[in-house]
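Enquirer: For the record, the sequence lines run as chains B and U. Taking our numbering, the leading residue of the first sequence gets 1, the next gets one more, and so forth. Taking our numbering, the leading residue of the second sequence gets 423, the next gets one more, and so forth. Don't be surprised by glycine CBs; every beta carbon is placed ideally from N, CA and C.
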Amino acid sequence: MTLLTDPPKEQFRLSMLLYDTRYRSATFQVIALLCFMLLAAWLISNTAQNLAELGKPIDFGFFGESAGYDINQRLLDYDSQDTHLRAALIGLLNTLVVAALGCATATVLGVTVGVLRLSNNWLISRLMTVYVEMFRNVPVLLWIVFIMAVMIETLPAPRAFRGDNATASMLLGDSVALTNRGVYIPEPLFSRSLGDIHLLGESSLRFNVSLDLIVVLAVLIGGVWVSQFIKRRADRIQESTGDRPTTWYLRLGVIVVPLVIVLAALGFYLGHPELKGFNFKGGTHMRNSLIALWLALSLYTAAFVAEIVRSGIMAISSGQTEAASALGLRSNRIMSLVILPQALRVIVPPLISQYLNLTKNSSLAIAVGYMDITGTLGGITMNQTGRELECVLLLMLIYLIISLSISTVMNWYNESVKLEER
Amino acid sequence: MNKSVFLGALTVAGLMAGVAAAGTMDDVKARGKLNCGVTTGLVGFAAPDANGVWNGFDVSVCRAVAAAVLGDQNAVEFVPTTGKTRFTALASGEIDLLARNTTWTFSRDVDLKFEFIGVNYYDGQGFMVPKSLGVSSAKELDGATVCIQTGTTTELNLADFFRSNNISYEPVPIETNAEAQQQYLAGACDVYTTDASGLAATRATFEAPGDHVILPEIISKEPLGPLVRHGDSEWGDIARWTLNALIAAEEYGVTSANIEELAKGTNNPEINRLLGTEGTLGEMLGLDKEWAKRAIAANGNYGEIFAKNIGENSPVGLGRGLNAQWTNGGLLYAPPFR
Ligand SMILES: N[C@@H](CCC(=O)N[C@@H](CS)C(=O)NCC(=O)O)C(=O)O
Numbered sequence: 001m002t003l004l005t006d007p008p009k010e011q012f013r014l015s016m017l018l019y020d021t022r023y024r025s026a027t028f029q030v031i032a033l034l035c036f037m038l039l040a041a042w043l044i045s046n047t048a049q050n051l052a053e054l055g056k057p058i059d060f061g062f063f064g065e066s067a068g069y070d071i072n073q074r075l076l077d078y079d080s081q082d083t084h085l086r087a088a089l090i091g092l093l094n095t096l097v098v099a100a101l102g103c104a105t106a107t108v109l110g111v112t113v114g115v116l117r118l119s120n121n122w123l124i125s126r127l128m129t130v131y132v133e134m135f136r137n138v139p140v141l142l143w144i145v146f147i148m149a150v151m152i153e154t155l156p157a158p159r160a161f162r163g164d165n166a167t168a169s170m171l172l173g174d175s176v177a178l179t180n181r182g183v184y185i186p187e188p189l190f191s192r193s194l195g196d197i198h199l200l201g202e203s204s205l206r207f208n209v210s211l212d213l214i215v216v217l218a219v220l221i222g223g224v225w226v227s228q229f230i231k232r233r234a235d236r237i238q239e240s241t242g243d244r245p246t247t248w249y250l251r252l253g254v255i256v257v258p259l260v261i262v263l264a265a266l267g268f269y270l271g272h273p274e275l276k277g278f279n280f281k282g283g284t285h286m287r288n289s290l291i292a293l294w295l296a297l298s299l300y301t302a303a304f305v306a307e308i309v310r311s312g313i314m315a316i317s318s319g320q321t322e323a324a325s326a327l328g329l330r331s332n333r334i335m336s337l338v339i340l341p342q343a344l345r346v347i348v349p350p351l352i353s354q355y356l357n358l359t360k361n362s363s364l365a366i367a368v369g370y371m372d373i374t375g376t377l378g379g380i381t382m383n384q385t386g387r388e389l390e391c392v393l394l395l396m397l398i399y400l401i402i403s404l405s406i407s408t409v410m411n412w413y414n415e416s417v418k419l420e421e422r
Numbered sequence: 423m424n425k426s427v428f429l430g431a432l433t434v435a436g437l438m439a440g441v442a443a444a445g446t447m448d449d450v451k452a453r454g455k456l457n458c459g460v461t462t463g464l465v466g467f468a469a470p471d472a473n474g475v476w477n478g479f480d481v482s483v484c485r486a487v488a489a490a491v492l493g494d495q496n497a498v499e500f501v502p503t504t505g506k507t508r509f510t511a512l513a514s515g516e517i518d519l520l521a522r523n524t525t526w527t528f529s530r531d532v533d534l535k536f537e538f539i540g541v542n543y544y545d546g547q548g549f550m551v552p553k554s555l556g557v558s559s560a561k562e563l564d565g566a567t568v569c570i571q572t573g574t575t576t577e578l579n580l581a582d583f584f585r586s587n588n589i590s591y592e593p594v595p596i597e598t599n600a601e602a603q604q605q606y607l608a609g610a611c612d613v614y615t616t617d618a619s620g621l622a623a624t625r626a627t628f629e630a631p632g633d634h635v636i637l638p639e640i641i642s643k644e645p646l647g648p649l650v651r652h653g654d655s656e657w658g659d660i661a662r663w664t665l666n667a668l669i670a671a672e673e674y675g676v677t678s679a680n681i682e683e684l685a686k687g688t689n690n691p692e693i694n695r696l697l698g699t700e701g702t703l704g705e706m707l708g709l710d711k712e713w714a715k716r717a718i719a720a721n722g723n724y725g726e727i728f729a730k731n732i733g734e735n736s737p738v739g740l741g742r743g744l745n746a747q748w749t750n751g752g753l754l755y756a757p758p759f760r
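1. Taking 6 Å as the cut-off, is the CB of Glu644 (chain U) close to at least one heavy atom of ligand 1?
2. Would Gly375 (chain B) pass as a contact of Ala367 (chain B) if the rule is Cβ separation under 7 Å?
3. Using a Cβ-Cβ distance cut-off of 7 Å, determine whether Asp612 (chain U) contacts chain B.
4. Can you list, in chain order, the residues of the stretch 583-607 of chain U whose Cβ is nearer than 9 Å to any Cβ on chain B?
5. Is the stretch 623-632 of chain U in contact with the stretch 169-180 of chain B, if contact means three or more CB pairs nearer than 8 Å?
6. Among all the DSSP beta bridges, which residues are the ones paired with Arg651 (chain U)?
7. Could you tell me the distance, in whole angstroms, from the CA atom of Ala99 (chain B) to the CA atom of Pro502 (chain U)?
8. Any C-beta of chain U within less than 8 Å: which residues of the stretch 68-91 of chain B qualify?
9. Taking the alpha carbon of Ile291 (chain B) as the reference point, which residue from B:Val260, B:Pro350, B:Asp235, B:Tyr370 has its own alpha carbon closest?
10. Is Asp617 (chain U) near ligand 1 - that is, is its Cβ less than 6 Å away from at least one heavy atom of it?
11. Are the C-beta atoms of Asn279 (chain B) and some chain U residue less than 7 Å apart?
12. Within the 7 Å Cβ cut-off, does Glu388 (chain B) reach chain U?
13. Hey, would you say the C-beta of Asn579 (chain U) is under 6 Å away from at least one heavy atom of ligand 1?
14. With respect to 6 Å, is the separation between the Cβ of Gln571 (chain U) and the closest non-hydrogen atom of ligand 1 below this value?
15. Please decide whether Met423 (chain U) counts as near chain B, where near means a Cβ-Cβ distance under 7 Å.
16. Under DSSP, the beta strand (DSSP E) around Ser590 (chain U) begins and ends at which residues?
17. Looking at C-alpha atoms only, which residue of B:Glu53, B:Ala265, B:Val338, B:Leu142 is the closest neighbour of Leu189 (chain B)?
18. Please specify which runs of the beta strand (DSSP E), each continuous and at least 3 residues long, are wholly inside the stretch 124-208 of chain B, giving them in chain order.
19. Quick one: what does DSSP say Met550 (chain U) is sitting in, helix, strand or coil?
20. Indicate the three-state DSSP secondary structure (helix, strand or coil) for Pro502 (chain U) in the structure shown.
21. Take the Cβ of Trp663 (chain U) as the centre, count every other Cβ of all protein chains shown within 10 Å, and call the residue buried at 16 or more, exposed below.
22. Hey, quick one: how far does the beta strand (DSSP E) through Tyr544 (chain U) stretch, first residue to last?
23. Just checking my contact of Gln571 (chain U) with Ile152 (chain B) at CB under 8 Å: how many whole Å lie between their CB atoms?
24. DSSP three-state call for Trp748 (chain U): helix, strand or coil?
25. Report yes or no: do three or more beta-carbon pairs, one from the stretch 711-724 of chain U and one from the stretch 489-502 of chain U, lie closer than 8 Å?
26. Using the beta-carbon of each residue, which ones in chain U are nearer than 9 Å to Leu54 (chain B)?
27. Shorter than 6 Å, the distance from the beta carbon of Asn523 (chain U) to the closest heavy atom of ligand 1, or not?
28. Do you know how far the Cα of Gln354 (chain B) is from the Cα of Thr473 (chain B)?
29. Would the beta-carbon of Thr598 (chain U) be found less than 6 Å away from any heavy atom of ligand 1?
30. So which residues on chain U does Arg22 (chain B) lean against when the C-beta distance must stay under 8 Å?
31. Could you tell me which chain U residues have their CB closer than 7 Å to the CB of Glu424 (chain B), listed as they occur along the chain?
32. Determine the direct distance from the alpha carbon of His285 (chain B) to that of Gly271 (chain B), and round the result to whole angstroms.
33. Note down, in chain order, every chain U residue with its Cβ under 7 Å from the Cβ of Gly282 (chain B).
34. Would you kindly check if the distance between the Cβ of Gly466 (chain U) and the Cβ of Ala623 (chain U) is under 7 Å?
35. I believe Ile221 (chain B) touches Val209 (chain B) by the beta-carbon criterion, under 8 Å. Please report the beta-carbon distance rounded to the nearest angstrom.
36. Are any of the Cβ atoms in chain B nearer than 7 Å to that of Ala431 (chain U)?
Given below as structure tokens:
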């Protein structure tokens, strides 16, 4: 016989959704969600209706039409007869180029400045403070425009390099020209080139892959792999015998020697820029729009990265440094072996945000006429076709994908530097 | 909640939004101001003076429309637009009228859904180079760096011109005329190309205009005119006939000096209908009798506006050329006011 009866089975009533604390919050969330969805649906239907009234229903057909405009910086072949889709692709590549260059430079610069800001040298640490505050507190757009204006106004025009009484001259044995149209540097060329592989036929997404580049990269990666192998062997010997064999020349050799042989076989040489007609021809032309954007974005973002690095380092207790130096480590080894590996865990997550910021800020490119994806798809294409909504939606989607990709990659990296709990 | 009531309310709200957007004239009257899109600054066509008052050839069209509709030529909010932002500004309703050296093209009219209300300047695309470059024809520009405003017809013409002549060039895309001027003067580009009138206007602001030449080639037709959105014909009519009134006034010799006199009645019925002493043209437009009189009195007739802002005796120094009245061998020809 049981003394305790089961509690009476409560019947579910509708009013409980509101009065029962177990259900109330869920009820409100569902209502809020419904309202939100209604609002979104209204916005979408309103937009669609207005567009239909204007006679401009959503239509991505314009992508297949020829763009009609030229783009100065193009990593793939492109001319004005190509489609808007290809113009967008060229713009996308330009965005990725400046973002990659910017992120790399900002990281190197930011880490250096962040570490130096903690230096005991009064002058150096103050200088770094000035740098950080100067760049952090002025909008990046102003830096972009400022650097561009300085380049245009102070560097000589190509015609100043011409004639017997030229007022400007090339640098580094006539291989580099600094002009107000950008910097011309030597370009790597192969006299016995293996040619290109042509992919995707004649479509708008076609591209060429240089076989020379593939071969050189393969040899380089192979060399690094062998070098790693030698290192591991040296580690093993050191562990078992206590003596580390000297391997640096071997490790360097397996990378450099095959590379030199391959480059020689392909007939590697540097093509120098030369003044011909109105402009320099040959060489690689880094346009002043690219340089202004790249410099401004990296200098600006580096200021933030520096602060992140500084905070990361300061988060590691000074006991670690003391313990390491008690073990007899030199200060640069303390930094690279003890402090930075731990600080990275603090540094990497906010660093991701900075990379994302830099990439998104690169859309300010149009201020200096750099033809990124905002300049092509979100600029000229949108303007010539009048497809504002389509272009902007697509642009948002593209930036979203770029940002998510960066986050994913960086999160992997973050996983790999994470504290391994045992 | 009763779902159908809610959805019904939504539909009504949506419809009302649609209806409200249709009557540009009512919007303008309710606002008491005309929102007029102009350039970011092109001396002679549209530029603010030292006191911030906008002046120029295109600005006068805005002012004439404001005078016709609102009775006050100063009831205009000037919205500076770049070659790229102008169409979005008009399509979105941010501006009621765009008067910004805009070329009337098929795709802008048909595909972008705008309505050009006429041509106020017949132009063509030209090239300007420094004299010191020693270039005498655009065909000699192989390999040159060319400054070009993005989002313009001139950008497309440029690509066509170089392609059909089989010569190469390096485009430097620019947002505004001011930036183009800066880059061009610093030698960051060899050539500046845009509408010939724009080149003349830009050159007029240089310290040494004589050091720059405009090459003989005119590579395109650029009929520049004001435009409105598709789908509001009443508003389009008002803008169109205001421009026509300015042109007709020149043809009939109605000037800002004699307009008061002529408005008392003349023995030319066409002038009388224009100025509202005969007929009901104003009423048909949904305006009053004196709409055209106010539009003309604001800054004078087409000829006066031309002479004051861009004519031969102004710093820009453009001749009438194609923009003379048809009676003088030009292309200006206002349809009859009847
Ligand atoms: N007519 C051409 C070009 C118009 C254009 O952009 N003109 C320039 C120079 S004539 C201009 O008005 N610039 C003024 C500004 O930058 O705001 C078009 O409609 O696309």
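Expert: The relevant details are as follows:
1. Position 222 of the second sequence, counted from the start, is the residue given in the question as residue 644 (chain U). Answer for Glu644 (chain U): yes, Cβ within range of ligand 1.
2. Taking the first sequence and counting its residues from 1, one reaches residue 375 (chain B) at position 375. Taking the first sequence and counting its residues from 1, one reaches residue 367 (chain B) at position 367. Cβ atoms of Gly375 (chain B) and Ala367 (chain B): not closer than 7 Å.
3. The count along the second sequence starts at 1 and reaches residue 612 (chain U) at position 190. Cβ-Cβ to chain B under 7 Å: yes for Asp612 (chain U).
4. Residues Phe584, Arg585, Tyr591, Glu592, Pro593, Val594, Pro595, Ile596, Glu597, Glu601, Gln604, Gln605.
5. Note that the stretch 623-632 of chain U does not touch the stretch 169-180 of chain B; fewer than 3 beta-carbon pairs, one per stretch, sit closer than 8 Å.
6. Within the second sequence, numbered from 1, the residue matching residue 651 (chain U) stands at position 229. The partner list for Arg651 (chain U) (beta bridge, DSSP) reads U:Phe536.
7. Position 99 of the first sequence, counting from 1, holds the residue named residue 99 (chain B). Position 80 of the second sequence, counting from 1, holds the residue named residue 502 (chain U). Here the C-alpha atom of Ala99 (chain B) lies approximately 31 Å from the C-alpha atom of Pro502 (chain U).
8. Using a CB distance below 8 Å, the part of the stretch 68-91 of chain B facing chain U consists of Gly68, Tyr69, Asp70, Ile71, Asn72, Asp79, Ser80, Gln81, ordered along the chain.
9. Counting from one through the first sequence, the residue named residue 291 (chain B) turns up at place 291. Minimum Cα distance to Ile291 (chain B) is reached at B:Tyr370.
10. Here residue 617 (chain U) is taken as the residue at index 195 of the second sequence, counted from 1. Asp617 (chain U) has its CB nearer than 6 Å to a heavy atom of ligand 1.
11. Within the first sequence, numbered from 1, the residue matching residue 279 (chain B) stands at position 279. So yes, Asn279 (chain B) belongs to the interface.
12. Residue mapping note: residue 388 (chain B) aligns to position 388 of the first sequence, counting from 1. So yes, Glu388 (chain B) belongs to the interface.
13. Counting from 1 along the second sequence, the entry for residue 579 (chain U) is found at position 157. In this structure, Asn579 (chain U) has its CB at a distance of at least 6 Å from all heavy atoms of ligand 1.
14. Start at 1 with the first residue of the second sequence, and residue 571 (chain U) comes out as number 149. Relative to ligand 1, Gln571 (chain U) has its C-beta within less than 6 Å of a heavy atom.
15. The residue you call residue 423 (chain U) lines up with position 1 of the second sequence. Reliability fails at Met423 (chain U), whose pLDDT of 40 lies under 50, so the model's placement of it is uncertain and no value is given.
16. Here residue 590 (chain U) corresponds to residue number 168 of the second sequence, with the count starting at 1. Element bounds for Ser590 (chain U): n/a, residue is neither H nor E.
17. For the purposes of this step, residue 189 (chain B) is taken as the residue at position 189 of the first sequence. That would be B:Ala265, whose Cα lies nearest to the Cα of Leu189 (chain B).
18. Complete beta strand (DSSP E) runs here, min 3: 177-179, 182-185, 187-190, 196-199.
19. Here the question's residue 550 (chain U) lines up with position 128 in the second sequence. Strand, per DSSP.
20. As a position in the second sequence, residue 502 (chain U) is number 80, starting the count at 1. The answer is strand: DSSP assigns Pro502 (chain U) an E or B state.
21. As a working mapping, residue 663 (chain U) is identified with position 241 in the second sequence. By the neighbour-count rule (16 or more Cβ atoms within 10 Å), Trp663 (chain U) is buried.
22. Taking the first residue of the second sequence as position 1, residue 544 (chain U) is located at position 122. For Tyr544 (chain U), the enclosing beta strand (DSSP E) begins and ends at 543-545.
23. Walking along the second sequence from the start, residue 571 (chain U) turns up at place 149. Walking along the first sequence from the start, residue 152 (chain B) turns up at place 152. For Gln571 (chain U) against Ile152 (chain B), the beta-carbon gap comes to about 17 Å, at or over 8 Å, which does not count as contact.
24. Within the second sequence, residue 748 (chain U) is the residue found at index 326, counting from 1. Helix at Trp748 (chain U).
25. Two segments are said to touch when three or more pairs of C-beta atoms, one from each, lie closer than 8 Å; by this definition the stretch 711-724 of chain U touches the stretch 489-502 of chain U.
26. The residue given as residue 54 (chain B) occupies position 54 in the first sequence. Within chain U, the residues near Leu54 (chain B) are Ala513, Lys535, Arg651, His652, Gly653.
27. Counting from one through the second sequence, the residue named residue 523 (chain U) turns up at place 101. A heavy atom of ligand 1 is found nearer than 6 Å to the CB of Asn523 (chain U).
28. This structure leaves residue 473 (chain B) out entirely; chain B is present only between 1 and 422.
29. Counting from 1 along the second sequence, the entry for residue 598 (chain U) is found at position 176. Yes; taking the cut-off as 6 Å, the Cβ of Thr598 (chain U) has a heavy atom of ligand 1 nearer than that.
30. By one-based count along the first sequence, residue 22 (chain B) stands at place 22. Listed by position along chain U, the residues whose Cβ is nearer than 8 Å to that of Arg22 (chain B) form an empty set, because the closest Cβ is around 24 Å away.
31. The question about residue 424 (chain B) has no answer, for chain B in this structure spans 1 to 422.
32. The sequence position of residue 271 (chain B) within the first sequence is 271, counting from 1. The sequence position of residue 285 (chain B) within the first sequence is 285, counting from 1. Separation of Gly271 (chain B) and His285 (chain B) (C-alpha to C-alpha, rounded to the nearest whole angstrom) is 12 Å.
33. Within the first sequence, residue 282 (chain B) is the residue found at index 282, counting from 1. Within chain U, no C-beta atom comes nearer than 7 Å to that of Gly282 (chain B); the closest sits roughly 12 Å away.
34. Taking the second sequence and counting its residues from 1, one reaches residue 623 (chain U) at position 201. Taking the second sequence and counting its residues from 1, one reaches residue 466 (chain U) at position 44. Result yes, Cβ atoms of Ala623 (chain U) and Gly466 (chain U) sit closer than 7 Å.
35. Stepping through the first sequence from its first residue, residue 221 (chain B) is reached at position 221. Stepping through the first sequence from its first residue, residue 209 (chain B) is reached at position 209. That belief does not hold up - the Cβ atoms of Ile221 (chain B) and Val209 (chain B) are roughly 16 Å apart, past 8 Å.
36. The residue given as residue 431 (chain U) occupies position 9 in the second sequence. Bear in mind that a pLDDT of 47 at Ala431 (chain U), under 50, signals an unreliable position, so the number given afterwards is only what the model happens to contain. No, Ala431 (chain U) does not count as interfacial toward chain B.
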